[in-house]
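All remarks here apply to the structure that follows.
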Amino acid sequence: MIEIPSDLHKDLVPLAFLLGSWAGAGVHDFPGSEKCNFGQEVAFGHDGRDFLEYRSYTWVLDKDGNKVRPLESESGFWRVDADRKVEVTMVRDDGVVEIWYGELADKKPQIDLVTDAVARTAASGPYTGGKRLYGYVKSDLMWVGEKQTPEVELRPYMSAHLKKVVTPEDVERWAKALPDDMPDDGIAFFK
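Going by this note's numbering, the sequence shown opens with residue 170, and the numbers climb by one from there.
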C-alpha cells in the first residue's frame, strides 16, 4: 500500500511510492571489480519542500549473508515536474557527482533515469555515465543500475530487491487507524 503523507509537497505525490526506509540484498558485477552479493539500506524522506532526500548504503556480504565491508554509499535529492519528468542530483562516496534525468512510467510506479552530467574527483575511478530503473513491484522496491567507463560499454552492474522497513512509529500509526469494532478472533477479516 502506498501512503501519501499529508505534509508531502503536492508535486511529489507521483514519487510517494519511494518514501520510507527499505532494506534488502542484491548482486554487484562489473569488469575490474569484485563480483559479490551485497546488502543495502535505502531511505527516501521529505521535509515538506519540493524534493525527496535520498540516502543509500551498501556492503559486501559473505556466502552466509554476513556483512564483510562497505561497498558504496550515495546521497542526493529527487524532484518531479508536472510532466512526470524526474531530476536527481547525487553524490557518491567514491568522488563522483551526477545529474540524472528520466521520467515516471505511465500508470505505474516505475522510473527510468539516465545520467546527464558526471563530475569526478581525481581520486574516483573511471566512470562516464549510467542508467537506472526503479520500480515498485508487489509492495517491494526493485532497481537495476547500468554503468559505463571509457573501457567498458554500458552494462548492468548492480541490482537489488528491497523490502519496506516497518518502524515503531508505523505500527503506532496503523494501530490508531484501526476501527473500534475490530473482531476479537480475526476470522471476520477473511469472510
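Ideal Cβ placement from N, Cα and C applies to all residues, glycine included.
A quick note: this is a predicted structure, and the numbers were derived from the prediction, not measured.
Under the 10 Å beta carbon count, K179 is surrounded by fewer than 16 other beta carbons and is classified as exposed. Per the Cβ contact rule, the segment 191-207 is in contact with the segment 215-233 (3 or more Cβ pairs under 8 Å). In terms of Cα proximity to G264, the closest of A292, D233, K276 is A292.
Here the alpha carbon of V257 sits roughly 6 Å from the alpha carbon of Y270.
Given a length threshold of 3 residues, each whole run of the beta strand (DSSP E) inside the segment 284-340 is given here in chain order: 298-306, 309-317, 324-333.
Exposure of T336 is indicated by the presence of fewer than 16 other C-beta atoms within 10 angstroms of its C-beta. Beta bridge pairing from DSSP links E241 with no other residue. Distance from the CA atom of S328 to the CA atom of K345, rounded to whole angstroms, is 36 Å. Residue pairing by DSSP places F207 opposite G195, V229 in a beta bridge. Distances from the CA of F220 to each of D233, E338, P183 were compared; the closest alpha carbon is that of P183.
For A185, the three-state secondary structure derived from DSSP is helix.
T290 is positioned such that its CB atom lies no closer than 9 Å to that of P319. For the segment 250-283, the full-length beta strand (DSSP E) segments reaching 3 residues or more read 254-261, 265-273 along the chain. Taking L310 as the centre and dropping the five residues before and after it, the same chain places the C-beta of W191, L331 closer than 6 Å to its C-beta, in chain order. Less than 9 Å divides the Cβ of Y305 from the Cβ of I171.
Assignment of beta-bridge partners to G214 by DSSP yields E222.
Here G208 is buried: its Cβ has 16 or more other Cβ atoms, across all protein chains shown, within 10 Å. The residues W228, in chain order, have a CB closer than 6 Å to that of P239 in the same chain once the five nearest residues on each side in sequence are set aside.
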